[in-house]
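Numbering (the numbering used here), first residue to last: 5 to 322.
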């Protein structure tokens, strides 16, 4: 056999093996993203108590929590309304809806909810589809979740009044969710987006490179084909940065400088396209992914509180 035929066979064999490897990795990437291990409420409590030194006494014994459920895209989405007596008698109530991150549940949002509650807000905690007490057999990093969030917001307005001043807070996947819903609604007062990604496809490519040390192409492209067929979830169709660019809602972006999972440039890029002059960007030194509050809890509280005061003053909210 001539040498060039040997080379051709070797090249074809290598390409075939590499394609097979990419397909196997794509399956793993998709499964980890859409059907991850969902932490229990007990695990969320233990993690918060350990890493965040979180005390749940106020959540358990003081807050008057009201369970609710709404019809989501793939079943019931469940959560809790927490009315705040500081809002009683006001013509326009202040309400914060907290959106948790990937693999966790609403218990992981209590630390953020306390900031809003202490600032006089009614608080709404809920579980994304697939997590916590909500229905669902998979998750999609905001693609379907932002539609579920819109249903939650409708329920919030029904409970607290159509003219409520609604502020959204999201962490990681939750940030991508609260930003994405801006494309569908014009009744959001402000958003706090903590370590969200700007574009789904780019996010998957970066995760692929960081986690398996292989280029995103064609792994992520294979994963997207499988995702569309299995879940109707198209990575290319959900990009929070587009919703930000089309919205005039003030947004407070927060991101850890040491985040190697969703890099800080995601928040930086979205901040650049936000048209509202009240929007802010805060990079927390030394904080990894979804660790800004853990690394600098008092600074985090001050950032959110100052932002709320600013947007409330602009809207003349008492």
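From the three backbone atoms N, C-alpha and C, an ideal C-beta is built for every residue, glycine too.
Only a predicted model underlies this, so the values are computations on that prediction, with no experimental measurement involved.
- For residue 82, the pairing in a beta bridge is given by DSSP as 73.
- Contact between residue 146 and residue 244 holds: CB atoms are separated by about 7 Å, below the 8 Å threshold.
- For a cut-off of 8 Å, the C-beta gap from residue 207 to residue 255 is around 18 Å, too long to register as a contact.
- In this structure the stretch 68 to 83 touches the stretch 153 to 162; the number of beta carbon pairs closer than 8 Å is three or more.
- Residue 212 sits buried, since 16 or more C-beta atoms from the chains shown fall within 10 Å of its C-beta.
- When the beta-carbon positions are compared, residue 287 and residue 268 come within less than 8 Å of each other.
- A distance below 6 Å between beta-carbons, with the five flanking residues on each side excluded, links residue 260 to the following residues of its chain, in chain order: 288, 291, 292, 295 and 296.
- The three-state reading of DSSP puts residue 285 in strand, counting E and B together.
- As computed with DSSP, residue 175 is found in a beta bridge with 198.
- The beta-carbon separation of residue 135 and residue 143, rounded to 7 Å, stays under the 8 Å limit for a contact.
- CA-to-CA, the gap between residue 139 and residue 18 works out to about 43 Å.
- Separation of residue 205 and residue 59 (C-alpha to C-alpha, rounded to the nearest whole angstrom) is 38 Å.
- Boundaries of the beta strand (DSSP E) harbouring residue 129: 126 to 130, taken from the DSSP string.
- Taking a C-beta distance under 8 Å as the contact criterion, residue 128 and residue 102 qualify as a contact pair.
- Judged by their CB atoms, residue 171 and residue 121 are not nearer to each other than the 8 Å cut-off.
- Cα atoms of residue 53 and residue 257: separation of roughly 25 Å, rounded to the nearest angstrom.
- Sequence-distant partners of residue 270 (beyond 5 residues in either direction) whose C-beta falls short of 6 Å from its own C-beta, in its chain, are 201 and 202.
- Across the set 124, 163, 131 and 322, the C-alpha of 131 shows the shortest separation from the C-alpha of residue 177.
- Listed in chain order, the non-local C-beta contacts of residue 232 below 8 Å within the same chain comprise 238, local neighbours out to five positions each way being set aside.
- Residue environment analysis places residue 41 among the exposed positions, since fewer than 16 neighbouring C-beta atoms fall within 10 angstroms of its C-beta.
- Of the residues assessed, residue 242 falls on the buried side of the cut-off, its CB having 16 or more other CB atoms within 10 angstroms.
- The continuous alpha helix (DSSP H) containing residue 314 extends over residues 301 to 319.
- Excluding its 5 nearest sequence neighbours in each direction, residue 26 has C-beta neighbours in its own chain below 8 Å: 218, 222, 223 and 226, listed in chain order.
- Listed in chain order, the non-local C-beta contacts of residue 314 below 7 Å within the same chain comprise 282, local neighbours out to five positions each way being set aside.
- Per DSSP, residue 119 has no beta bridge partner at all.
- Rounded to whole angstroms, the separation of the alpha carbons of residue 182 and residue 165 is 20 Å.
- Put simply, of 22, 161 and 88 the residue whose alpha carbon is nearest the alpha carbon of residue 62 is 88.
- The beta-carbon distance between residue 123 and residue 309, rounded to whole angstroms, is 6 Å. This is short enough to meet the 8 Å contact definition.
- In the three-state DSSP reduction, residue 231 falls in the helix class (H, G or I).
- If you compare the alpha carbons of 158, 114, 162 and 159 with that of residue 174, the shortest gap goes to 114.
- With a contact defined as Cβ atoms closer than 8 Å, residue 98 and residue 126 qualify at about 7 Å.
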